[in-house]
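S.K.:
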Amino acid sequence: HQGIMDEIEREQYVPPFQKKYFGADMMSKYEPLVEAMVKVEETEGADDEAFKSFEVHWDRFMDFSWCSQWDGKKYDVVFYGMSGYTGYLMMEYLKRNTLKRKKEDFTFAFAGRSVAKVAEMRDREFAGTEWEDTPILTASFDDVISIIDVVKSARVIVNCAGPYMLTEGEVLVDACVWCKTDYVDISMEVPWSLRIKELHRYALEAGVMIVPSCAGNAYSDLGVMLLAKKIRDEKGESTRSALCYCQGGGRAAGAS
1486 HQGIMDEIER
1496 EQYVPPFQKK
1506 YFGADMMSKY
1516 EPLVEAMVKV
1526 EETEGADDEA
1536 FKSFEVHWDR
1546 FMDFSWCSQW
1556 DGKKYDVVFY
1566 GMSGYTGYLM
1576 MEYLKRNTLK
1586 RKKEDFTFAF
1596 AGRSVAKVAE
1606 MRDREFAGTE
1616 WEDTPILTAS
1626 FDDVISIIDV
1636 VKSARVIVNC
1646 AGPYMLTEGE
1656 VLVDACVWCK
1666 TDYVDISMEV
1676 PWSLRIKELH
1686 RYALEAGVMI
1696 VPSCAGNAYS
1706 DLGVMLLAKK
1716 IRDEKGESTR
1726 SALCYCQGGG
1736 RAAGAS
């Protein structure tokens, strides 16, 4: 019975981006499509010109060209959520490590809800460097068209906008799946990873990588690894299993 229920739930699940974009509200904003649909219904599909008009507008709706402001530029990486503390750390790492090493050239842009705030951070971190004019894109989770544009602009999206559980970041993840853009975040929030788990099968079908909590670690993991290494070095024995115990306490961390 549980297997049947799981299948029913999967069939009822509507991915968040698709739910926002492929609905009557969004479709009603594209008036030529609505008018074409009405004509097809009125003629019951017998009017070839009306049907051709519908097909043209439907294709534009499906590829977002009716609403997209994307300028056609494609960056290797777009870093989203770059006006906060995590964005600051990301810029610092780029400046001090990744860009400094120059093992391989790659194109990138910054993005966020407020161009002014992202620009302020960029100017503070990159003034006087060759990256001081790094492009800035604008996107907000409550504006699905802006999400489409920023996702289409990237081969990989790195999402730095947290706390992830308090945002609609799953819309961004699903848009990446739909537009075949790889997605990475640094959340370290297990509930968030579980929230986007439903998108796994869609990502597989699209050939898209979704990597939540990228490069994350935990002290318990490191502790077990070091203890196992010590046992192996001193006793010549491999660790077959490890039991970890945790205890609650303290207060929850707030937003950065």
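Converting from the sequence shown to my numbering requires adding 1485 to each position, the first position being numbered 1. Glycine is no exception: its CB is placed at the ideal position from the N, C-alpha and C atoms.
Can you list, in chain order, the stretches of the beta strand (DSSP E) that have 3 or more residues and sit fully within the segment 1493-1527?
M.R.: Listed in chain order, nothing qualifies, since the segment 1493-1527 has no complete beta strand (DSSP E) run of 3 or more residues.
S.K.: Below 8 Å on the Cβ atoms is my contact criterion, and I expect residue 1680 with residue 1655 to pass it. Report the Cβ-Cβ distance as a whole number of Å.
M.R.: One-based indexing of the sequence shown puts residue 1680 at position 195. One-based indexing of the sequence shown puts residue 1655 at position 170. About 6 Å; that satisfies the 8 Å criterion.
S.K.: Can you pull the DSSP bridge partners for residue 1623?
M.R.: Along the sequence shown, one-based indexing puts residue 1623 at 138. For residue 1623, which the question treats as bridged, DSSP gives the partners 1597.
S.K.: Go to residue 1561, then tell me how far its beta strand (DSSP E) extends in each direction, as first and last residue.
M.R.: Within the sequence shown, numbered from 1, the residue matching residue 1561 stands at position 76. Element bounds for residue 1561: 1560-1565.
S.K.: Tell me the DSSP secondary structure of residue 1468 in three-state form.
M.R.: Here the chain covers residues 1486 to 1741 and nothing more, so residue 1468 does not appear.
S.K.: Mapping DSSP to helix, strand and coil, what is residue 1668?
M.R.: On the sequence shown, residue 1668 is found 183 positions in, with the first residue counted as 1. Residue state, collapsed to three classes: strand.
S.K.: What first and last residue would you give for the beta strand (DSSP E) that runs through residue 1640?
M.R.: Here residue 1640 corresponds to residue number 155 of the sequence shown, with the count starting at 1. Element bounds for residue 1640: 1639-1644.
S.K.: From the DSSP output, which residues share a beta bridge with residue 1628?
M.R.: Against the sequence shown, residue 1628 aligns to sequence position 143. Paired residue(s): 1625.
S.K.: Between the Cα of residue 1591 and those of 1504, 1640 and 1699, spot the shortest distance and give me the residue it belongs to.
M.R.: Numbered from its first residue, the sequence shown carries residue 1591 at position 106. Here the closest residue by C-alpha is 1640.
S.K.: The alpha helix (DSSP H) with residue 1543 in it runs from where to where?
M.R.: Numbered from 1 along the sequence shown, position 58 holds the residue referred to as residue 1543. Its alpha helix (DSSP H) spans residues 1533-1547.
S.K.: In angstroms, rounded to a whole number, what distance separates the CA positions of residue 1707 and residue 1673?
M.R.: In the sequence shown, residue 1707 corresponds to position 222, counting from 1. In the sequence shown, residue 1673 corresponds to position 188, counting from 1. Roughly 15 Å between the two C-alpha positions.
S.K.: Would you mind reading off the limits of the alpha helix (DSSP H) that contains residue 1426?
M.R.: The structure shown does not extend to residue 1426, since the chain is modelled only from 1486 to 1741, so the question has no answer here.
S.K.: According to DSSP, what are the bridge partners of residue 1695?
M.R.: Locating residue 1695 in the sequence shown gives position 210, where the first residue counts as 1. Partner(s): 1668.
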